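Visitor: Residue numbers (numbering that gives the first Met the number 0), protein chains in the order written: chain G, 0 to 437; chain D, 0 to 437; chain V, 0 to 437. From the three backbone atoms N, C-alpha and C, an ideal C-beta is built for every residue, glycine too. Just so it is clear, the structure is predicted and the values come from calculations on it, not from any experiment. Dropping a structure here in structure tokens format, bear with me for questions.
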Amino acid sequence: MTPSAPDTAMRTLMERLYPVCRSITGEGVRETLDVLREKLPALEIVSVPSGTSAYDWTVNDEWNVRAAYVADSTGRRVVDLADHTLHLVSYSVPVRATLTWDELRPHLHTLPDHPDWIPYRTSYYHRDWGFCLTQRRYDELADGRYPGPYEVVVDATLGPGVLNYGELLVPGESNEEVLVTSHVCHPSLANDNLAGIAVAVALAQRISAQLRRRWSYRFLFAPGTIGSIAWLAGNPEAPARVRHGIVLTGLGGPGPLVYKRTRRGDRRIDDVGAGVVEGRGGEVRAYSPYGYDERQFNAIGFDMPVGRLSRTPHGEYPEYHTSADDLDLVSDSRMFEALEALSEVVDILENDRLYRNLVPHGEPQLGKRGLYPSTGGRNASATVMAMLWILAYADGETSLWEIARRSEVGFPLLKESAAVLCKAGVLADEGPVEDSFR
Amino acid sequence: MTPSAPDTAMRTLMERLYPVCRSITGEGVRETLDVLREKLPALEIVSVPSGTSAYDWTVNDEWNVRAAYVADSTGRRVVDLADHTLHLVSYSVPVRATLTWDELRPHLHTLPDHPDWIPYRTSYYHRDWGFCLTQRRYDELADGRYPGPYEVVVDATLGPGVLNYGELLVPGESNEEVLVTSHVCHPSLANDNLAGIAVAVALAQRISAQLRRRWSYRFLFAPGTIGSIAWLAGNPEAPARVRHGIVLTGLGGPGPLVYKRTRRGDRRIDDVGAGVVEGRGGEVRAYSPYGYDERQFNAIGFDMPVGRLSRTPHGEYPEYHTSADDLDLVSDSRMFEALEALSEVVDILENDRLYRNLVPHGEPQLGKRGLYPSTGGRNASATVMAMLWILAYADGETSLWEIARRSEVGFPLLKESAAVLCKAGVLADEGPVEDSFR
Amino acid sequence: MTPSAPDTAMRTLMERLYPVCRSITGEGVRETLDVLREKLPALEIVSVPSGTSAYDWTVNDEWNVRAAYVADSTGRRVVDLADHTLHLVSYSVPVRATLTWDELRPHLHTLPDHPDWIPYRTSYYHRDWGFCLTQRRYDELADGRYPGPYEVVVDATLGPGVLNYGELLVPGESNEEVLVTSHVCHPSLANDNLAGIAVAVALAQRISAQLRRRWSYRFLFAPGTIGSIAWLAGNPEAPARVRHGIVLTGLGGPGPLVYKRTRRGDRRIDDVGAGVVEGRGGEVRAYSPYGYDERQFNAIGFDMPVGRLSRTPHGEYPEYHTSADDLDLVSDSRMFEALEALSEVVDILENDRLYRNLVPHGEPQLGKRGLYPSTGGRNASATVMAMLWILAYADGETSLWEIARRSEVGFPLLKESAAVLCKAGVLADEGPVEDSFR
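As structure tokens, then:
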């Protein structure tokens with residue numbers, strides 16, 4: 000597999016999912032999950048009936064929309080869902096009405112600062128309807144270019160049905176799990192969150208292809224908030240099984256990688272996530288209770304060790320939640336870097352181990368084992384330094400990842416060097432790190 | 000009460016106290032305390048007889064001065080206490096003598112670098128006398144413009160009497176106390192410390208006006224060093240009663256607010272004082288054993304949790320301990336900001352409480368309780384963020400102030416939001432923080 | 000003894016040692032140790048036979064060289080050990096051969112970036128031979144100016160003999176030791192490590208001249224790596240006896256002082272070493288497993304508290320391990336500063352004590368004990384501040400050095416002030432700090 004292969008695959012997947020009119024329930028989510036199941040055949044698509052209790056929440060009625068538009072008095076459709084999935088406020092109730100400009104106006108949403116962009120708005124928990132449009136079109140309407148009265152049609156259904164999410168378990172040697180989640184409820188928004196979905200799929204494929212896995216990996220593709228809570232409510236034993244977790248979102252947009260810590264801030268995923276992201280020049284942030292589904296997993300009652308990986312987070316780039324978050328905003332190389340960073344995290348979670356220096360009285364004579372350059376006087380090579388770092392700290396209590404953090408030698412080189420030293424008989428493998436803290 | 004009201008009151012009080020010739024004992028201190036009692040009628044004025052033992056110290060003889068001057072051979076008074084209270088070295092012994100220039104000169108103190116300023120000098124514990132004057136006047140004397148011999152008069156008394164301090168207890172629900180002190184022994188020096196006195200008086204009035212007080216508040220207006228030590232010696236049970244304390248000084252002069260930590264550096268007042276001052280762009284400093292009466296309260300034998308609030312501290316601004324520390328040096332708005340900062344500290348000490356999230360499994364659905372905006376897609380408001388921060392960390396062990404420190408949401412908004420959440424039934428008040436450490 | 004006296008002595012010693020052809024064994028080391036014994040008559044010179052096992056190592060055969068050169072076809076010696084000790088790769092095996100340019104070339108080492116410098120190369124553990132020369136001379140050979148074939152002579156012996164190191168014990172009240180080491184195996188390299196040797200000798204002389212010593216001091220002058228390991232192997236009880244240790248190297252070259260922490264990083268020598276070096280504007284670094292004999296002492300099996308003092312470390316200045324590390328590179332004043340810093344470290348290790356404030360209720364009245372200026376109003380002097388810091392923190396648990404670190408008052412002034420306060424009866428000496436952690 001060439002390095003550029005996943006790029007193409009991620010891009011292709013995003014292009015296919017971009018036009019779908021997703022929301023927290025309905026056909027759009029099902030269509031999306033069906034596409035994901037093509038890539039991940041073991042993906043299970045779960046249906047939760049509307050009205051199901053989920054802790055403090057109740058699963059919404061299912062929403063589907065066939066058509067939605069505003070037409071002027073001449074019949075011209077001045078705002079039309081068929082043109083862009085963002086044109087309709089998500090979860091708008093069915094409407095068929097003829098309205099004056101003054102009656103219509105309160106139902107219109109625009110972005111005055113970005114007159115060519117369409118905003119993204121939802122009304123999941125408050126029965127209402129509305130249209131989102133460019134400020135430019137709004138001004139044309141206000142100017143009378145498209146005279147009223149206006150025909151308003153929201154040909155939607157909102158009633159009992161189901162909420163769907165997709166779940167993939169990649170089993171490992173342990174029943175304990177690493178949880179990877181991304182939300183699948185946003186319509187035509189590329190960075191938030193087709194990029195997260197595409198990277199999650201690529202990561203799931205990589206992990207599935209591994210011969211051995213210490214941990215089991217659970218991938219969750221769920222609508223934001225209610226989807227995660229429905230999964231939690233339906234799987235009350237899940238939190239205790241999850242030893243490390245990460246929410247993926249906004250991985251193709253502008254800015255460096257950003258790791259957001261768990262609520263407690265000192266879980267193992269925090270140390271590994273922060274280390275990997277810092278190693279790539281990214282940014283590490285403290286927990287805050289706003290954002291994506293890390294809010295649910297980290298809630299006091301669950302207290303799960305779930306961090307978040309993104310680039311510039313929600314609300315901090317102008318295209319956020321607008322039609323400008325399109326396929327041009329996301330970059331293949333940035334998504335690929337995110338995939339590489341996640342692979343590093345997985346590598347560390349899988350392979351961090353304890354070692355013991357078997358020749359601890361002074362430096363072992365590496366030269367007689369063919370591990371040291373024969374001519375002295377020069378500085379040490381990276382390979383020699385990796386061995387020396389391991390020998391200096393391998394006391395059976397300090398893990399390889401802790402040595403990586405201390406030494407700033409990359410984990411892969413340390414892992415390889417540890418294997419060389421074990422083979423040479425100067426190092427003993429004392430087993431995986433017990434992640435005794437969650 | 001309009002916000003500017005305390006400014007005027009503080010300024011008026013300072014103007015009234017400025018001309019008084021204060022020292023560590025005598026009429027000046029009594030006159031000052033009498034003025035303070037007009038503002039704080041419950042102020043108790045305590046008298047401690049000269050010669051009273053106070054730990055390692057002995058209360059000084061009382062010093063009073065009617066007149067003090069140096070006159071030249073023509074009778075012109077070239078230095079005169081009647082012109083400025085700083086002209087006489089405080090605690091000068093009585094003198095009536097005719098001296099040559101060479102005999103007079105060793106008793107004169109000037110500031111060569113600031114030729115128009117009069118220095119402030121004292122000789123409390125070494126029987127001596129002296130005059131402080133501008134370098135300009137000194138040069139005129141040296142030049143022979145005012146020819147000698149000189150008549151030197153210090154019409155003072157120094158003998159058994161009393162030392163006075165003022166003490167005000169504003170009782171609260173608990174007998175445990177918050178101590179607020181300022182020194183009252185400096186003559187016509189405005190920032191050091193009429194500003195501290197005026198802010199302390201305004202704070203005492205504010206606290207007295209509150210309907211409920213968790214803590215009792217003790218305000219101490221005492222001469223520096225010996226006054227505090229006399230109070231400590233006369234109230235041996237006091238240290239154990241004081242749970243939080245702060246010394247006020249130099250609050251109207253130049254520079255941002257400066258919080259100086261207690262000797263131990265990690266008391267509750269340190270966390271609150273540092274947090275409030277940092278929140279206002281001020282500076283936080285470690286303890287050092289020089290300064291004001293925090294030296295006495297923090298001494299190993301008392302080990303009281305007493306910090307200090309000032310602006311640019313003693314010795315770091317050129318006007319310090321000179322006649323240039325006058326009423327023009329202090330600003331009403333800077334004193335008002337100090338009062339506001341202290342009110343914040345009091346608010347936190349009074350109202351920091353523990354809460355428990357009653358809906359801890361995922362985020363409570365705030366929308367159905369009318370606490371969340373009905374249209375989604377935008378960023379969260381400050382009010383919503385305050386609620387989310389509380390719900391994320393209200394585990395019954397993390398206090399509201401700790402949440403404020405972590406979130407950088409202001410304590411008042413958090414307090415208000417906690418009340419809203421309690422009323423909505425999603426949060427339980429679990430009582431005040433036990434200040435188990437002193 | 001004037002301050003400049005040690006400079007001259009250190010310089011003179013370095014000048015005498017510079018021409019000696021040292022390696023890890025042989026006459027050069029013995030000659031060096033003999034010279035050191037002139038300065039330190041109690042120095043014991045230890046011989047360890049070749050072949051002796053020393054943990055993972057075996058003591059090398061002894062290497063001696065009488066002459067070594069390359070001559071061209073006309074008999075001109077184009078590279079000659081007699082000109083510079085760096086010309087021969089250390090531990091070159093005996094050779095007598097006539098070689099073509101192509102045969103000779105692989106045995107030649109140069110520094111293309113510094114065409115006038117000779118590199119320093121060794122081949123202790125791989126039987127080989129080679130010559131080091133300037134790039135300029137190499138180019139002349141390549142150009143045919145000195146035509147071949149070449150006569151190559153390495154008139155050396157490499158066979159059973161001994162390895163030597165020098166050991167000096169300066170006994171103190173305690174059998175527990177402070178270890179000071181420097182390597183003695185490098186030929187004509189001044190900063191690395193004649194400077195370290197010269198400073199160690201001067202420090203040993205200073206310590207020997209002290210009337211009382213709390214600790215015993217052990218000075219080790221040993222060949223790098225194998226010398227230290229041989230000493231450790233021959234003295235298995237040594238590690239437990241060493242409470243503090245420091246490796247000295249590169250003390251006369253460019254850059255500020257650099258303290259390198261022990262492997263654990265939090266030993267007492269780390270606190271003292273870092274504090275002294277920071278106080279002199281130097282740099283403190285974390286441990287890394289490359290460098291000098293701190294690698295051996297800090298190895299897991301010994302875990303000795305041995306830091307390192309240098310200036311710009313190995314490999315970070317261009318002259319490192321080249322003929323440009325000559326007597327001009329090292330400065331007398333920089334060596335003297337290093338000696339002063341080490342004397343400070345010794346002063347703190349010797350004299351850090353616990354004190355108890357006997358007048359802990361408020362500040363003691365220093366004035367009545369003649370310890371405070373009689374005229375008040377000015378800022379405190381350094382002497383007064385030193386006393387106040389001690390009185391503020393002398394609780395019987397906080398040591399004088401901890402007070403020095405906190406206050407930034409120099410340790411000597413604190414020590415002197417503690418004595419004054421003890422004499423005045425306000426402070427009690429509660430004995431030396433128990434170095435309970437190693």
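Could you tell me which residues DSSP pairs with Lys259 of chain D in its beta bridges?
Guide: Per DSSP, D:Arg284 and D:Arg307.
Visitor: Alpha carbon to alpha carbon, how far is Leu80 of chain G from Leu87 of chain G? Give it in angstroms, no decimals.
Guide: Near 6 angstroms, if we compare the C-alpha coordinates of Leu80 of chain G and Leu87 of chain G.
Visitor: If you draw a straight line from the C-alpha of Gly361 of chain G to the C-alpha of Thr261 of chain V, how long is it?
Guide: Roughly 14 angstroms separates the two Cα atoms.
Visitor: Please state whether DSSP places His86 of chain G in a helix, a strand or coil.
Guide: His86 of chain G: helix per DSSP, three-state reduction.
Visitor: Quick one: what does DSSP say Ile44 of chain G is sitting in, helix, strand or coil?
Guide: Strand.
Visitor: How about Glu172 of chain D and Arg213 of chain D: are their beta carbons less than 8 angstroms apart?
Guide: Result yes, Cβ atoms of Glu172 of chain D and Arg213 of chain D sit closer than 8 angstroms.
Visitor: Identify every run of the beta strand (DSSP E) within the region 176-224 of chain V, keeping only runs that are complete inside it and at least 3 residues long; order them along the chain.
Guide: Counting whole runs of 3 or more residues, the region 176-224 of chain V contains the beta strand (DSSP E) stretches 176-182 and 215-221.
Visitor: What are the boundary residues of the alpha helix (DSSP H) that includes Thr31 of chain V?
Guide: Glu26 to Lys38 is the extent of the alpha helix (DSSP H) around Thr31 of chain V.
Visitor: Three-state secondary structure (DSSP) at Thr156 of chain V?
Guide: It is a strand residue.
Visitor: What does Trp56 of chain G reach in chain D if we use C-beta pairs closer than 8 angstroms?
Guide: Within 8 angstroms Cβ-Cβ: Gly361 and Gln364.
Visitor: Do Asp351 of chain G and Leu399 of chain G have their beta-carbon atoms positioned less than 8 angstroms apart in this structure?
Guide: Yes. Within cutoff.
Visitor: Could you work out which residue in D:Asp101, D:Tyr289, D:Tyr216 and D:Ala155 is closest to Val383 of chain V when comparing CA atoms only?
Guide: Checked all of D:Asp101, D:Tyr289, D:Tyr216 and D:Ala155; the closest Cα to Val383 of chain V is D:Tyr289.
Visitor: Using C-beta distances below 7 angstroms, list every residue in its chain close to Leu326 of chain G, excluding the 5 sequence neighbours before and after it, in chain order.
Guide: Same-chain partners within the cutoff: Met13, Glu14, Tyr17 and Ala189.
Visitor: Looking only at C-alpha atoms, which of G:Arg266, G:Ala221 and G:Val408 sits nearest to His243 of chain G?
Guide: Nearest of G:Arg266, G:Ala221 and G:Val408 to His243 of chain G, Cα basis: G:Arg266.
Visitor: Taking 8 angstroms as the threshold (beta carbon to beta carbon), is Pro18 of chain V in contact with chain G?
Guide: Closer than 8 angstroms: no.
Visitor: Three-state secondary structure (DSSP) at Val92 of chain D?
Guide: DSSP places Val92 of chain D in coil when its eight states are reduced to three.
Visitor: Looking only at its own chain, which residues have a Cβ that is under 7 angstroms from the Cβ of Asp112 of chain G, when we skip the five neighbours before and after it?
Guide: Counting only Cβ-Cβ distances below 7 angstroms, and skipping sequence neighbours, we find nothing.
Visitor: Give me the chain V residues within the contact set of Tyr316 of chain D, using Cβ-Cβ distance strictly less than 9 angstroms, ordered along the chain.
Guide: Under the 9 angstroms cutoff, chain V gives no residues; its nearest Cβ is about 12 angstroms from Tyr316 of chain D.
Visitor: Is His113 of chain D close to chain V, meaning its C-beta is less than 8 angstroms from at least one C-beta of that chain?
Guide: For His113 of chain D, the answer is no, since every Cβ of chain V falls outside 8 angstroms of its Cβ.
Visitor: When burial is assigned at 16 or more other CB atoms within 10 Å of the CB, is Gly223 of chain D buried or exposed?
Guide: Buried.
Visitor: Compare the C-alpha of Arg75 of chain G against each of G:Val305, G:Tyr149 and G:Lys367 and name the closest.
Guide: With distances taken between Cα atoms, Arg75 of chain G lies closest to G:Tyr149.
Visitor: Would you say Lys367 of chain G faces chain V, with C-beta separation under 8 angstroms as the test?
Guide: Yes, Lys367 of chain G counts as interfacial toward chain V.
Visitor: Using a beta-carbon distance below 8 angstroms, is Ala381 of chain V in contact with chain D?
Guide: No, no contact with chain D.
Visitor: Please report the residue range of the alpha helix (DSSP H) in which Glu415 of chain G lies.
Guide: Run containing Glu415 of chain G: Phe410 to Lys422, per the alpha helix (DSSP H) assignment.
Visitor: Give a yes or no on whether the minimum CB-CB distance between Leu103 of chain V and chain G is below 8 angstroms.
Guide: By this cut-off, Leu103 of chain V is not an interface position.
Visitor: Can you list the residues of chain D that Trp388 of chain V reaches, using a CB-CB cut of under 7 angstroms?
Guide: The answer, in chain order, is Pro288.
Visitor: In angstroms with no decimal places, state the Cα-to-Cα distance between Glu396 of chain D and Asp138 of chain G.
Guide: Distance between the alpha carbons of Glu396 of chain D and Asp138 of chain G: 54 angstroms.
Visitor: Please list the terminal residues of the continuous alpha helix (DSSP H) segment that includes Trp438 of chain V.
Guide: Residue 438 of chain V cannot be examined here, being either before or after the span of chain V that is shown, 0 to 437.
Visitor: How would you list, in chain order, the residues of chain V whose beta-carbon sits under 7 angstroms from the beta-carbon of Ile299 of chain D?
Guide: Under the 7 angstroms cutoff, chain V gives Asn356, Pro359 and Asp394.
Visitor: Just confirm the distance between the C-beta atoms of Asp324 of chain G and Phe410 of chain G, as a whole number of angstroms; I'd bet it's less than 8 angstroms.
Guide: In fact, because the Cβ distance is near 33 angstroms, the residues do not count as touching under 8 angstroms.
Visitor: Around the Cβ of Thr11 of chain G, are there at least 16 other Cβ atoms within 10 angstroms (buried) or fewer (exposed)?
Guide: Exposed, by the Cβ-count rule.
Visitor: Measure the C-alpha to C-alpha separation of Thr1 of chain G and Asp331 of chain G and round it to an integer number of angstroms.
Guide: Residue confidence for Thr1 of chain G is low, a pLDDT of 44 falling below 50, so the modelled location carries little weight; the figure read from the coordinates is stated next. In a straight line, the C-alpha of Thr1 of chain G is about 14 angstroms away from that of Asp331 of chain G.
Visitor: With three or more C-beta pairs closer than 8 angstroms as the rule, is the region 301-308 of chain V touching the region 267-275 of chain V?
Guide: With the cut-off at 8 angstroms, the region 267-275 of chain V and the region 301-308 of chain V touch.
Visitor: Is it the case that the region 237-254 of chain D contacts the region 279-299 of chain D, given that we only count it when at least three CB pairs across the two stretches are under 8 angstroms?
Guide: These segments touch.
Visitor: Report buried or exposed for Asn174 of chain V, applying the criterion of at least 16 other Cβ atoms within 10 angstroms of its Cβ.
Guide: The residue in question, Asn174 of chain V, is exposed, as its Cβ has fewer than 16 Cβ neighbours within 10 Å.
Visitor: Check whether the Cβ atoms of Ala221 of chain D and Tyr164 of chain D sit closer than 8 angstroms, and answer yes or no.
Guide: Going by C-beta atoms, Ala221 of chain D is nearer than 8 angstroms to Tyr164 of chain D.
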